[in-house]
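As structure tokens, then:
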């Protein structure tokens, strides 16, 4: 009887999870599978996509052309720098936010989350107005006797806008981890003569590493696949992988090549993020014994 009851509960569990599983398959697995198949299709500019013929030519071009290496390397270092800046800004900000009292904590939390309600395209246009040749930044430089600088369509513009967009995704996971931290541990360390810096380094940081890890994975993944910010603030010359995929799909009409680049970006992101996750988790477990 117990075995029959356990089997019945197992079937009920599968039935209850079937809608979520169908949604997962329909919105993620099947589109990724179709993209993977498309990346192997033969393409010719005169006849278009040949769905019945398959080739490795697109991946061979991707691996053998220095042009693609340059774009992938630019995407990786911009995404890495964005993630580093988000950590340096977001972790202290989350720590200060966790130490605030009501109602200031709620007010500043709303201020942090409010930009998420505004379209990324609108925020990108706002940065283009600030960093343009006649923008507020250059007008301020000229007012103080300086010469105007080329800020728009540079890596600087892309990084600063990405940090602005991605910062809430770093603050919230770290702030959530800080909510689980027992304040008595900090007070005990301070009462034993540890400095505030030592308390943060040896007591606080090891315990909030899961939040930092989650934030870095989210920020890096979103930055590496970002399209609106590089497209509007990087221009046509400062290409990143997402804008390159856009060009292959809509300008070149070479959908198989665009699919191959998208698959390569996905695999590279997974490799970097899994390696980073394993390294940080290993250090986290070691620090906690």
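In my numbering, the protein residues as written are 101 to 389.
Beta carbons: idealized from backbone N, C-alpha and C, even for Gly.
{"Check": "Helix, strand or coil at residue 271 according to DSSP, with G and I counted as helix", "Outcome": "helix"}
{"Check": "Alpha carbon of residue 165 to alpha carbon of residue 332, nearest angstrom", "Outcome": "26 Å"}
{"Check": "Close Cβ partners of residue 117 (< 6 Å) along its chain, the five nearest in sequence each way excluded", "Outcome": "none"}
{"Check": "Outcome for residue 320 when other beta-carbon atoms lying within 10 angstroms are tallied against a minimum of 16", "Outcome": "buried"}
{"Check": "Range of the contiguous beta strand (DSSP E) that encloses residue 150", "Outcome": "148-154"}
{"Check": "Residue(s) in a DSSP beta bridge with residue 141", "Outcome": "154"}
{"Check": "Assumed close pair residue 323, residue 224 - CB separation to whole angstroms, cut-off 8 Å", "Outcome": "Rounded, the Cβ-Cβ distance is 14 Å, inconsistent with contact."}
{"Check": "Own chain partners of residue 233 with C-beta closer than 8 Å, once the 5 adjacent residues on each side are dropped", "Outcome": "248, 250 and 252"}
{"Check": "Supposed close pair residue 141, residue 154 - CB separation, criterion 8 Å", "Outcome": "6 Å"}
{"Check": "Terminal residues of the alpha helix (DSSP H) in which residue 219 lies", "Outcome": "Segment: none, residue 219 is in no alpha helix (DSSP H) and carries neither H nor E."}
{"Check": "Residue interval of the alpha helix (DSSP H) (run including residue 180)", "Outcome": "166-199"}
{"Check": "Own chain residues within Cβ distance below 6 Å of residue 179, not counting five before or after", "Outcome": "320, 323 and 324"}
{"Check": "Beta-carbon proximity of residue 359 to residue 139, cut-off 8 Å", "Outcome": "yes"}
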